[in-house]
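Visitor:
Number of protein chains: 2
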Amino acid sequence: MKFKAEINVMPHKELLDPQGKTVAKNMKNINLAGVEDVRIGKRIEMMLEADNMDSANEKVEFACKKLLSNMVMEFYTYEVKPA
Amino acid sequence: MKFKAEINVMPHKELLDPQGKTVAKNMKNINLAGVEDVRIGKRIEMMLEADNMDSANEKVEFACKKLLSNMVMEFYTYEVKPA
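Chains W and X, in that order, are what the protein sequence lines are.
Using the numbering used here, the letters of the first sequence map in sequence onto residues 22 to 104.
Using the numbering used here, the letters of the second sequence map in sequence onto residues 22 to 104.
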């Protein structure tokens, strides 16, 4: 079966996010007031082949841990759907 | 009112995504078979202050167009919720 995985990898809330801070500051330069607490992470979308939903979830969990996120600085959330 | 915006900025489907291709290849190196068509983009989460939902959506749309995405190479989707 084919599945689609949507993975979000974001910096931990406890950590400063300099990229986000910079974007928040720059919102004022484009005349956009009231924006705060911008955090920037990664979004990964992929297709995968697995026997069933459980196996697909397991694969995505493994990929997140081993390759897609740095667990010291980031956390991940994901959603797997049949494609 | 306070709103939370979740924005995804992804490379256009017509474009090659070299970062995604590299990750897809590397899945084999961590013994993960069956993963294909990996695409990597940005995920932006931010809080904003706006009078109502319409105004919040407008602000996010403006930020996406002007600052957060490069419309030549990327497209964006977003969701705004009351926070």
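Quick reminder that beta carbons are idealized off the backbone N, C-alpha and C, glycines included.
In this text the structure is predicted, and so the values were computed from the model without any measurement.
Per DSSP, what are the beta-bridge partners of Val44(X) in this structure?
Guide: The residue labelled residue 44(X) in the question sits at position 23 within the second sequence. Val44(X) is bridged by DSSP to nothing; it lacks a bridge partner.
Visitor: When DSSP labels each residue in this structure, what does Val30(X) get in the three-state scheme?
Guide: Counted from its first residue, the second sequence places residue 30(X) at position 9. Val30(X): strand per DSSP, three-state reduction.
Visitor: So Met68(W) is in the beta strand (DSSP E); what residue range does that whole segment cover?
Guide: Here residue 68(W) refers to the residue found at position 47 of the first sequence. Residues Val56 to Glu70.
Visitor: Suppose the cutoff is 8 Å on Cβ atoms and the five residues either side in sequence are ignored; what does the same chain contact list for Leu36(X) look like?
Guide: As a working note, residue 36(X) is residue 15 in the second sequence. So the qualifying residues of the chain are Met94.
Visitor: Sorted by chain position, which residues of the same chain lie with C-beta nearer than 7 Å to Pro32(W)'s C-beta, five sequence neighbours on each side aside?
Guide: On the first sequence, residue 32(W) is found 11 positions in, with the first residue counted as 1. So the list reads Asp38, Arg60, Gly62, Met94 and Glu95, once near-sequence residues are dropped.
Visitor: Provide the residue(s) that pair with Phe96(X) in DSSP beta bridges, ordered along the chain.
Guide: Within the second sequence, the letter at position 75 stands for residue 96(X). Answer is Met31(X), bridged to Phe96(X).
Visitor: Below 7 Å between beta carbons is the criterion; list the residues of the stretch 73-98 of chain W that meet it against any residue of chain X, in chain order.
Guide: Answer in chain order: Lys80, Phe83, Ala84, Lys87 and Leu88.
Visitor: Going by other Cβ atoms of all chains shown within 10 Å of its Cβ, with 16 needed for buried, is Met3(W) buried or exposed?
Guide: It is not possible to answer for residue 3(W), since the shown part of chain W is limited to 22 through 104.
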